[in-house]
Every structure is written in structure tokens, then in C-alpha cells.
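Below you'll find the structure, written out as C-alpha cells, and then a few comments.
In the numbering used here, the protein residues as written are 27 to 120.
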């Protein structure tokens with residue numbers, strides 16, 4: 027598959043499959059030589075990554091991180107003003 031599509035494989039775990047309809051687990055199972063996965067970008071809900079790619083560098087998707095922090099900053103216990111929230115997001119997105 028990588029011969030045809032290159033070194034990057036896009037997965038969408040909303041539906042549990044990539045753009046070709048393959049599930050990540052079945053891709054790794056059918057291709058045991060894929061032990062050299064270097065990095066993986068995930069959203070905050072993909073917690074099983076370590077089972078499939080224990081040695082890979084895992085990076086949280088910036089889009090999902092920002093959406094999550096916008097929700098967190100609105101919590102009353104933090105007492106952040108809208109201006110403070112905007113400043114924090116600006117620091118994250120530089």
C-alpha cells in the first residue's frame with residue numbers, strides 16, 4: 027500500500043478506517059513488517075495507540091487540542107475572561 031500511496035497513511039477513527047476502508051489493526055496485522063512506524067498523529071480519544079504502535083512518537087492533533095482547550099478554559103473554576111482565553115489560544119497557535 028505504501029508503494030502506491032507513499033510514506034503517509036491517513037486514518038479516520040470516526041469511522042475506524044482509512045480512506046481506503048482499512049482498519050489500522052488489520053493493516054498492521056496483515057503487514058507485520060511495519061514495525062518502523064516513526065510517528066502518529068491522534069485525537070484525544072484514541073487511547074489504544076500504544077498497543078498498536080508502542081515505539082512510535084505520538085503527537086496530539088492541533089485541531090483537536092485547541093477545541094478541547096477552548097472547552098476546558100470555559101469552566102467556571104478557572105475564572106478566565108474571554109480576553110485571557112483568547113490570549114492562551116493565540117499562544118497555542120503561533
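Cβ coordinates follow ideal geometry from the N, Cα and C atoms, glycine included.
Small disclaimer: the values here were computed from a predicted structure and weren't measured.
Residue i versus residue j - alpha carbon distance
i: residue 84; j: residue 63; result: 10 angstroms
i: residue 95; j: residue 82; result: 25 angstroms
i: residue 118; j: residue 80; result: 27 angstroms
i: residue 92; j: residue 76; result: 23 angstroms
i: residue 90; j: residue 103; result: 22 angstroms
i: residue 65; j: residue 99; result: 29 angstroms
i: residue 101; j: residue 88; result: 21 angstroms
i: residue 113; j: residue 106; result: 10 angstroms
i: residue 108; j: residue 73; result: 31 angstroms
i: residue 120; j: residue 71; result: 24 angstroms
i: residue 110; j: residue 97; result: 14 angstroms
Residue i, enclosing beta strand (DSSP E) - first and last residue
i: residue 84; result: 83-86
Three-way DSSP call (helix, strand, coil) for residue i in this model
i: residue 66; result: strand
i: residue 103; result: helix
i: residue 89; result: helix
i: residue 73; result: coil
Whole-angstrom C-beta distance between residue j and residue i, which should lie under 8 angstroms
i: residue 86; j: residue 68; result: 6 angstroms
Range of the contiguous alpha helix (DSSP H) that encloses residue i
i: residue 113; result: 108-118
Residue i: CB within 8 angstroms of a non-hydrogen atom of the ligand NAP
i: residue 82; result: In the structure shown, the ligand NAP is absent, as is every other ligand, since no ligand is present at all.
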